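Below is one structure, written out as structure tokens, with a few remarks after it.
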Amino acid sequence: AAGVIQSPRHLIKEKRETATLKCYPIPRHDTVYWYQQGPGQDPQFLISFYEKMQSDKGSIPDRFSAQQFSDYHSELNMSSLELGDSALYFCASSLATGEYGYTFGSGTRLTVV
Amino acid sequence: AQTVTQSQPEMSVQEAETVTLSCTYDTSESDYYLFWYKQPPSRQMILVIRQEAYKQQNATENRFSVNFQKAAKSFSLKISDSQLGDAAMYFCASYGGATNKLIFGTGTLLAVQP
Numbered sequence: 117a118a119g120v121i122q123s124p125r126h127l128i129k130e131k132r133e134t135a136t137l138k139c140y141p142i143p144r145h146d147t148v149y150w151y152q153q154g155p156g157q158d159p160q161f162l163i164s165f166y167e168k169m170q171s172d173k174g175s176i177p178d179r180f181s182a183q184q185f186s187d188y189h190s191e192l193n194m195s196s197l198e199l200g201d202s203a204l205y206f207c208a209s210s211l212a213t214g215e216y217g218y219t220f221g222s223g224t225r226l227t228v229v
Numbered sequence: 165a166q167t168v169t170q171s172q173p174e175m176s177v178q179e180a181e182t183v184t185l186s187c188t189y190d191t192s193e194s195d196y197y198l199f200w201y202k203q204p205p206s207r208q209m210i211l212v213i214r215q216e217a218y219k220q221q222n223a224t225e226n227r228f229s230v231n232f233q234k235a236a237k238s239f240s241l242k243i244s245d246s247q248l249g250d251a252a253m254y255f256c257a258s259y260g261g262a263t264n265k266l267i268f269g270t271g272t273l274l275a276v277q278p
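Okay, structure coming up:
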């Protein structure tokens, strides 16, 4: 069965550069969530989209933006990268409501040097 | 608001033995769901088990079962006949229908000793 696809798997950027992470949800899932997991930390909610509209916003820095496109894939854009942005970024998808749990992608490991 | 608390940063169990991971939560919602996710060294987040708060019966998935105590807001995970492949970080999580957001606890790192 198709899973949530994230690209790239690994990304190395320098400080002040820009990064774009992509997420392709499970077919028919119309809700996408982005989480940030720092080393040894639990995943922290960043932002979510339902039917291409932002549905909720968590602890996402102003330097970050995201959107969901007409084909339901989502992109997380991160500008003016800082060393502290180094983390594992997860995308997850669900049907309209997440009561059955989210299906997570394998994550993108971002390293800022 | 929702909060999830896991008070055991690390646990260890002998292969074939049983281990229980603790989780407490707090929520103002009447309609909510609880989950345990497993994160092995590969870092993939894998759903282990799900509990609907309005159901009194404890969820079971093969060797994994929960002890859901709604009044105490407790949701522990029992792993029976532990296997080496069970070694992972386990996250307890809460989802509320009103907030539409999955909130994680800080995780319990489970080691399985051969």
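Chains A and B, in that order, give the protein sequences.
Just so you know, my numbering puts the end of the first sequence at 229, numbered straight through with nothing missing.
Just so you know, my numbering puts the end of the second sequence at 278, numbered straight through with nothing missing.
Quick reminder that beta carbons are idealized off the backbone N, C-alpha and C, glycines included.
Quantities reported herein were computed from a predicted structural model and do not represent experimental measurements.
Kindly list, in the order they appear in chain B, the residues whose Cβ is closer than 8 Å to that of residue i.
i                     : result
residue 141 (chain A) : Here the premise fails: no neighbours, minimum Cβ distance about 14 Å.
List, in order along the chain, the chain A residues whose C-beta lies closer than 9 Å to that of residue i?
i                     : result
residue 207 (chain B) : 153, 204, 206, 222, 223, 225
Please state whether DSSP places residue i in a helix, a strand or coil.
i                     : result
residue 260 (chain B) : strand
residue 274 (chain B) : strand
residue 201 (chain A) : helix
residue 197 (chain B) : strand
residue 127 (chain A) : strand
residue 171 (chain A) : strand
residue 149 (chain A) : strand
residue 212 (chain A) : coil
residue 185 (chain A) : coil
residue 219 (chain A) : strand
residue 187 (chain B) : coil
residue 176 (chain A) : coil
residue 178 (chain B) : strand
residue 163 (chain A) : strand
residue 166 (chain B) : strand
So residue i contacts chain A; which residues on that side make the cut at Cβ distance below 7 Å?
i                     : result
residue 282 (chain B) : Residue 282 (chain B) cannot be examined here, being either before or after the span of chain B that is shown, 165 to 278.
residue 264 (chain B) : 171, 172, 213, 214
residue 197 (chain B) : 215
residue 259 (chain B) : 214, 215
residue 211 (chain B) : 217
Listing by chain order, which chain A residues have their CB less than 8 Å from the CB of residue i?
i                     : result
residue 249 (chain B) : Within chain A, no residue comes near residue 249 (chain B); the closest Cβ sits about 18 Å away, beyond 8 Å.
residue 255 (chain B) : 158, 159
residue 241 (chain B) : Within chain A, no residue comes near residue 241 (chain B); the closest Cβ sits about 14 Å away, beyond 8 Å.
residue 214 (chain B) : 216, 217
For my contact list, residue i and residue j are in at a C-beta cut-off of 8 Å; report their separation, rounded to the angstrom.
i                     : j                     : result
residue 241 (chain B) : residue 217 (chain B) : That pair is no contact at about 16 Å.
residue 214 (chain A) : residue 147 (chain A) : 7 Å
residue 257 (chain B) : residue 168 (chain B) : 6 Å
residue 166 (chain A) : residue 212 (chain A) : 7 Å
residue 150 (chain A) : residue 204 (chain A) : That pair is no contact at about 12 Å.
residue 158 (chain A) : residue 270 (chain B) : 5 Å
residue 206 (chain A) : residue 209 (chain B) : 6 Å
Output, in chain order, the set of chain B residues within a Cβ distance shorter than 7 Å of residue i.
i                     : result
residue 218 (chain A) : 266
Examine the ligand SAH and report whether any of its heavy atoms sits within less than 7 Å of the Cβ of residue i.
i                     : result
residue 215 (chain B) : Of ligands this structure carries none, so the ligand SAH is not represented either.
Q) In chain order, which continuous runs of the beta strand (DSSP E) of length 3 or greater are located wholly inside the stretch 206-270 of chain B? A) Listed in chain order, the complete beta strand (DSSP E) runs (minimum 3 residues) inside the stretch 206-270 of chain B are 210-216, 228-233, 238-243, 252-260, 265-268.
Q) Hey, is the stretch 181-200 of chain A in contact with the stretch 128-144 of chain A, meaning 3+ C-beta pairs nearer than 8 Å? A) Three or more Cβ pairs closer than 8 Å define a contact, and the stretch 181-200 of chain A meets that threshold against the stretch 128-144 of chain A.
Q.
Count Cβ pairs between the stretch 217-227 of chain A and the stretch 225-243 of chain B that sit closer than 8 Å; are there 3 or more?
A. In short, these stretches do not touch, since the Cβ pair count stays below three.
(Q) With three or more beta-carbon pairs closer than 8 Å as the criterion, would you say the stretch 166-186 of chain B touches the stretch 235-254 of chain B? (A) Yes: the two stretches touch, three or more of their Cβ pairs being nearer than 8 Å.
Q. Does the stretch 167-183 of chain A come within contact of the stretch 191-198 of chain A, defined as at least 3 CB pairs closer than 8 Å?
A. Flag = yes, the stretch 167-183 of chain A and the stretch 191-198 of chain A touch.
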